[in-house]
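*Asks:* For the sequence shown, the positions run 54 to 232 when the numbering used here is used. Even glycine gets a Cβ: it sits at the ideal position worked out from N, Cα and C. Source: prediction; values computed, not measured. Provided herewith is a single structure, encoded as structure tokens, for subsequent inquiry.
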Amino acid sequence: EKFILIMKKVLDNFLSQQHYHELVEYVNNHEWYYNPMIVYDKSNMNPEDQGYAGPDTPDDYQMVMPIWRDGWIHDRFIVEIFSYYLNPSAWVRIKANFSPKRNKLIENELHIDANFGDMTGIFYINSNDGYSHFRDGSKVESVANRMVIFPRETYHSGTTSTTDHRIVINFNWFGSMVE
Numbered sequence: 054e055k056f057i058l059i060m061k062k063v064l065d066n067f068l069s070q071q072h073y074h075e076l077v078e079y080v081n082n083h084e085w086y087y088n089p090m091i092v093y094d095k096s097n098m099n100p101e102d103q104g105y106a107g108p109d110t111p112d113d114y115q116m117v118m119p120i121w122r123d124g125w126i127h128d129r130f131i132v133e134i135f136s137y138y139l140n141p142s143a144w145v146r147i148k149a150n151f152s153p154k155r156n157k158l159i160e161n162e163l164h165i166d167a168n169f170g171d172m173t174g175i176f177y178i179n180s181n182d183g184y185s186h187f188r189d190g191s192k193v194e195s196v197a198n199r200m201v202i203f204p205r206e207t208y209h210s211g212t213t214s215t216t217d218h219r220i221v222i223n224f225n226w227f228g229s230m231v232e
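Shown next as structure tokens:
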């Protein structure tokens, strides 16, 4: 199988310190919802495969915070901060994921977030030993106040963390790569 090197941009200290601290305070005091799956499309997964994480696997869950979905704003504070920095033509989806600290590091299944839009971004709220990984084998470490941006059709996924909870915000939008 041949893979194309994925074009992506990693931006450290993405938010101003003031916006970053306001965001952390906000996220730490917000409601989260239980989600019994981490990756929705498991149609290509076989329970006998190594690394299978199906509905019967205790580590296959996370907490989520819907922010923007199907044209509905669930969280104006986060939408406004990131609209300023990412300048989208239109949002497709914004969702925060909270993965509790685990006993072992687990790579989740590669996926794409949305079937339309131009760009995907992952913003890392906190630093931990988890990371985002891509089909080309590259990785982006979870570093607080870091944003990675890549084309929407890029297969990617996250991991669990063994050093701390892993908190990220995923963005999908119409528009271009941030300069």
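With DSSP as the reference, please indicate the residues paired to G211 in a beta bridge.
*Replies:* The partner list for G211 (beta bridge, DSSP) reads S185.
*Asks:* Let's see if you can read the secondary structure: which residues bound the beta strand (DSSP E) around V196?
*Replies:* Neither: V196 is in no beta strand (DSSP E) and is coded neither H nor E.
*Asks:* So A197 packs on S180, CB below 8 Å; how close in whole Å?
*Replies:* At roughly 5 Å, the Cβ-Cβ gap stays under 8 Å, so A197 and S180 are in contact.
*Asks:* Among the candidates R205, G211, R219 and H218, whose CA atom is the shortest distance from the CA of F227?
*Replies:* Out of R205, G211, R219 and H218, R205 has the C-alpha closest to the C-alpha of F227.
*Asks:* Do you know how far the Cα of S136 is from the Cα of N82?
*Replies:* Taking the straight line from one Cα to the other gives about 22 Å.
*Asks:* Is the beta carbon of F203 less than 7 Å from the beta carbon of K61?
*Replies:* Yes; because the gap between Cβ atoms is below 7 Å, this pair is in contact.
*Asks:* Start and end of the beta strand (DSSP E) containing S136?
*Replies:* It is not in any beta strand (DSSP E) - S136 instead sits in the alpha helix (DSSP H) that spans R129 to L139.
*Asks:* Specify the secondary structure class of A143 as computed by DSSP and reduced to three states.
*Replies:* A143 falls in the strand class under three-state DSSP.
*Asks:* Return the CA-CA distance between L158 and L64, expressed in angstroms with no decimal places.
*Replies:* Straight-line Cα distance between these residues: approximately 24 Å.
*Asks:* Does the stretch 124-139 touch the stretch 189-196, meaning 3 or more C-beta pairs lie closer than 8 Å?
*Replies:* The stretch 189-196 vs the stretch 124-139: no contact.
*Asks:* Within its chain, find whatever has a CB closer than 6 Å to the CB of P153; leave out the 5 residues flanking it on each side and keep chain order.
*Replies:* Once the five neighbours on either side are set aside, the close Cβ partners of P153 are H218.
*Asks:* What does the Cβ neighbour count give for Q71, buried or exposed, with the cut at 16 atoms within 10 Å?
*Replies:* It counts as exposed.
*Asks:* Please report the distance separating the alpha-carbon of M200 from that of G174.
*Replies:* Distance between the alpha carbons of M200 and G174: 7 Å.
*Asks:* Of all the options S214, R129 and F151, which has the alpha carbon lying nearest to the alpha carbon of Y87?
*Replies:* With distances taken between Cα atoms, Y87 lies closest to F151.
*Asks:* Among all the DSSP beta bridges, which residues are the ones paired with T216?
*Replies:* DSSP lists no partner for T216.
*Asks:* Grab me the residues of I222's own chain with a C-beta within less than 6 Å of its C-beta, minus the 5 sequence neighbours each way, in chain order.
*Replies:* Within the same chain, I222 has close Cβ partners A149 and F176.
*Asks:* Can you check which of these residues, P89, R122, E84 and V77, is closest to G170 by C-alpha distance?
*Replies:* Out of P89, R122, E84 and V77, R122 has the C-alpha closest to the C-alpha of G170.
*Asks:* Which class does N161 belong to by DSSP, given the choice of helix, strand or coil?
*Replies:* DSSP places N161 in coil when its eight states are reduced to three.
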